[in-house]
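Encoded as structure tokens, the structure appears first; notes follow it.
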Amino acid sequence: MAKEEDLFVPRQVTTEENFAPGHRACIGCGEALAVRYVCKALGKNVIIVSATGCIEIFSSLLPQTSWQMAWIHTLFENVAAVMSGIESAYKVRVRKGKIADKNVKFVGFGGDGATTDIGLQALSGAMERGHDFLYVCYDNEAYMNTGIQRSSSTPYGAWTTTAPVGKKSSIGQVTWKKNMPEIAVAHNIPYVATACPSYPLDLMAKVKRGAEMDGPAYIQIFSICPTGWRCPTDITIELGRLAVETGVFPLYEVINGEYNLSVDLPDLKPIREYLKKQGRFKHLNDDNIATIQTRVEEDYVKLREKVKR
Amino acid sequence: MGGEGLGWKDLEIGFVVTEPGNASSYKTGDWRSERPIRDNERCIKCGLCYIYCPEACIHEDEEGHFEADLYYCKGCGICAHECPRNVIGMVEEKEE
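If you read the protein sequences in the order shown, they are chains A and B.
So the working numbering is basically just the index in the first sequence, starting at one, shifted up by 17.
So the working numbering is basically just the index in the second sequence, starting at one, shifted up by 1083.
This is how it looks when you write it as structure tokens:
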């Protein structure tokens, strides 16, 4: 007979760990947690191409590696190019009968810098050519690995070392976060999704769905970074949950152009709850917070309209 | 660093690592300033601490409770913060 505790959902997740402990991620790293879930969902029959960034640095300090599957590090700008090359070579070799088709999945990993800034052109090309791959963007909203420099994914009002806060007028980042999932949707690819490690089962389901999809798939994962966001290490999960509940990072999927909200919230929590937990936003005054609140609500309304259609 | 005394001539061509997951020999537990302690009386064995651990260092024991492997635990405190029954507390590490 099943015991009562066996019904708890976390216990139904596979205990197989494909991302070995002993990695050198910062204490409380949301990205390391996300990588752990993604590797759990993917299994070992994959080839992962990883961009420069936190993931590469903390997982593969020579002569050691945390990866249990085939993994290759490449540069910021050419993850998608290397990945599409591997995918094409594999297809050709299968077609010529040189290797057996083992249904290998091809997966690209990049941070927000490698995805929204430096590697965007190669990624756009790979999506447009329609290679069969899954691209996972770990969005920690700045170049954390090199010392918290702004990226185009950094949200409005956030402090970074290259968007510092001034005494009089500067409030840090003055531009709004680039909407990368929408850019992926605009390529008319079969699968686009956003996920957050605070919702592990949703995340793993999306990764599986994306990997199974025929053609390009793109997943953006909100990766909480206690070091760069200047927050305590134990609230990683809470912050991720707040980001979803305040509407800062809504969770949705787009399957063949059809939008679907994973967590639908009729009433968003006030954004202040999310901002005030982080040191990078602590300089914001009431006006700044009201500006962000308005923008987040507008974006959420737009997203819900797309879902209805 | 786990590779003391190794030079580039000792490494494989292309810096290929031939042993998958060998980072698990590296101890990250000495980064810790606080360690998790458990009061298993109140534990409902839900497994939230297991699923939310960024180090993947929390494992189920024979009784169905969960225990952190202190060889890897960096002491982030996520398990203590997320535990719905307040089973886990964090105490300061002392020099032995």
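In this text, a Cβ means the ideal position worked out from N, Cα and C, and glycines have one as well.
Residue i to residue j span [Cα, whole Å]
i        : j        : result
L151(A)  : F123(A)  : 6 Å
G130(A)  : W193(A)  : 15 Å
P249(A)  : E275(A)  : 38 Å
R1168(B) : P172(A)  : 35 Å
K185(A)  : I241(A)  : 29 Å
A180(A)  : A159(A)  : 11 Å
C1159(B) : K115(A)  : 48 Å
P243(A)  : I1161(B) : 12 Å
A87(A)   : E1124(B) : 43 Å
P1119(B) : K1110(B) : 17 Å
L320(A)  : S170(A)  : 18 Å
A68(A)   : A203(A)  : 23 Å
K299(A)  : L292(A)  : 7 Å
P207(A)  : E145(A)  : 11 Å
S327(A)  : H1142(B) : No statement about residue 327(A) is possible, as the shown extent of chain A runs from 18 to 326 and does not include it.
C154(A)  : E34(A)   : 21 Å
E22(A)   : T32(A)   : 16 Å
A98(A)   : I236(A)  : 17 Å
C1132(B) : S279(A)  : 23 Å
T263(A)  : K223(A)  : 21 Å
A210(A)  : P198(A)  : 7 Å
Y1155(B) : L50(A)   : 14 Å
I44(A)   : W1114(B) : 8 Å
L1153(B) : V96(A)   : 35 Å
R41(A)   : E322(A)  : 42 Å
Q166(A)  : A260(A)  : 21 Å
DSSP-derived helix/strand/coil call for residue i
i        : result
V182(A)  : strand
E34(A)   : coil
F75(A)   : helix
I1180(B) : Because chain B here runs from 1084 to 1179, residue 1180(B) falls outside it and cannot be looked at.
L278(A)  : strand
A51(A)   : helix
T311(A)  : helix
K115(A)  : coil
H1164(B) : helix
R289(A)  : helix
S1116(B) : coil
N1105(B) : helix
I103(A)  : helix
S215(A)  : coil
I321(A)  : Inspection of the sequence shows that residue 321(A) is occupied by Arg rather than by Ile. The answer is helix: DSSP assigns R321(A) an H, G or I state.
I1096(B) : helix
W1091(B) : helix
V121(A)  : coil
DSSP bridge partner residues for residue i (one or two, in chain order)
i        : result
C154(A)  : G127(A), Q237(A)
F93(A)   : BP columns for F93(A) are empty, so no partner.
S67(A)   : H90(A), F126(A)
V209(A)  : Y235(A), V271(A)
N305(A)  : Paired residues: none, contrary to the question.
R1121(B) : I1171(B)
Y160(A)  : Q166(A)
W84(A)   : F36(A)
E255(A)  : The partner list for E255(A) (beta bridge, DSSP) is empty, contrary to what the question assumes.
I188(A)  : V182(A)
F1149(B) : E1143(B)
T244(A)  : DSSP lists no partner for T244(A).
T177(A)  : A180(A)
Residue burial classification, residue i (beta-carbon count within 10 angstroms, cutoff 16)
i        : result
I1096(B) : exposed
G128(A)  : buried
T311(A)  : exposed
R28(A)   : buried
F126(A)  : buried
D219(A)  : buried
L1089(B) : exposed
I1134(B) : buried
N307(A)  : Before going on, a small fix: residue 307(A) reads as Ala here, not Asn. Its Cβ having fewer than 16 others within 10 Å, A307(A) is exposed.
K20(A)   : exposed
G183(A)  : exposed
Q81(A)   : buried
E403(A)  : Absent from the model: residue 403(A). The displayed extent of chain A is 18 to 326, so no value can be given.
A117(A)  : exposed
G164(A)  : exposed
Q338(A)  : The question about residue 338(A) has no answer, for chain A in this structure spans 18 to 326.
P287(A)  : exposed
L24(A)   : exposed
Neighbouring residues, chain D, relative to residue i (Cβ below 7 Å)
i        : result
G1158(B) : In summary, chain D is missing from the structure at hand, where the protein chains are A and B.
**Request:** Return the residues of the segment 235-254 of chain A that lie within a Cβ-Cβ distance of less than 7 Å from chain B, sorted by chain order.
**Result:** Correct list: T250, D251, I252, T253, I254.
**Asked** Using a beta-carbon distance cut-off of less than 7 Å, what residues from the segment 1089-1120 of chain B approach chain A?
**Response** Residues L1089, L1094, F1098, V1100, P1103, G1104, N1105, A1106, S1107, S1108, Y1109, T1111, W1114.
**Request:** Identify each residue in the segment 1131-1147 of chain B for which the Cβ-Cβ distance to at least one residue of chain A is less than 9 Å, and report them in chain order.
**Result:** The segment 1131-1147 of chain B vs chain A, Cβ under 9 Å: L1131, C1132, Y1133, I1134, Y1135, C1136, P1137, E1138, A1139, C1140, H1142, E1143, G1147.
**Message:** Beta carbons nearer than 8 Å to chain B: which residues of the segment 77-91 of chain A have them?
**Reply:** Residues S77, L78, L79, P80, Q81, T82, S83, W84, Q85, M86.
**Asked** When you check each C-beta in the segment 215-236 of chain A against every C-beta of chain B, which residues fall closer than 9 Å?
**Response** The segment 215-236 of chain A vs chain B, Cβ under 9 Å: S215, P217, L218.
**Asked** Which of the residues in the segment 54-76 of chain A, read from start to end, lie with their CB under 8 Å from any CB of chain B?
**Response** Result list: S76.
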